[in-house]
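In our numbering, the protein residues as written are 4 to 110.
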């Protein structure tokens, strides 16, 4: 029986340490599923992306940078099948000086 991860929204309290807004994108198990979205301090964005998975799935959040600079890693977390039907969850991401909340559900 598969579980479904639904990424609901992301909120930026504070962008990365670099200049300007962040160009945020999200990967699920290494594949980009959302973004880029330009986000500044106190910005929120709806995601509304669902992905089926088995036991667990890795979600990683990135800030796209222009080449040759590598993209900034904002954070990652694992969603587990055991979280199914427990309501909305939140993860805090603080990579590269940033502070983001990402909200999701498992069903």
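Cβ coordinates follow ideal geometry from the N, Cα and C atoms, glycine included.
Taking its Cβ as the centre, do 16 or more other Cβ atoms sit within 10 Å of residue i, making it buried, or is it exposed?
i	result
residue 43	exposed
residue 51	exposed
residue 101	buried
residue 95	exposed
residue 69	exposed
residue 49	exposed
residue 89	exposed
Please report how far the alpha carbon of residue i lies from the alpha carbon of residue j, in whole angstroms.
i	j	result
residue 75	residue 66	5 Å
residue 81	residue 97	16 Å
residue 55	residue 107	13 Å
residue 87	residue 41	31 Å
residue 7	residue 33	17 Å
residue 4	residue 109	13 Å
residue 77	residue 104	11 Å
residue 9	residue 28	15 Å
residue 46	residue 19	13 Å
residue 64	residue 23	18 Å
What residues are listed by DSSP as bridge partners for residue i?
i	result
residue 94	105
residue 30	35 and 63
residue 25	42
residue 87	None, per the DSSP bridge assignment.
residue 18	Looking at the DSSP assignment, residue 18 forms no beta bridge with any residue, so it has no partner.
Give me the residue from the options with the minimum Cα distance to residue i.
i	options	result
residue 58	28, 24, 84 and 22	84
residue 37	15, 89, 93 and 62	62
- Could you name each continuous beta strand (DSSP E) segment of 3 residues or more that falls completely within the region 34-80, going from the start of the chain to the end? If we require 3 residues or more, the beta strand (DSSP E) runs fully inside the region 34-80 come out as 34-42, 46-56 and 59-66.
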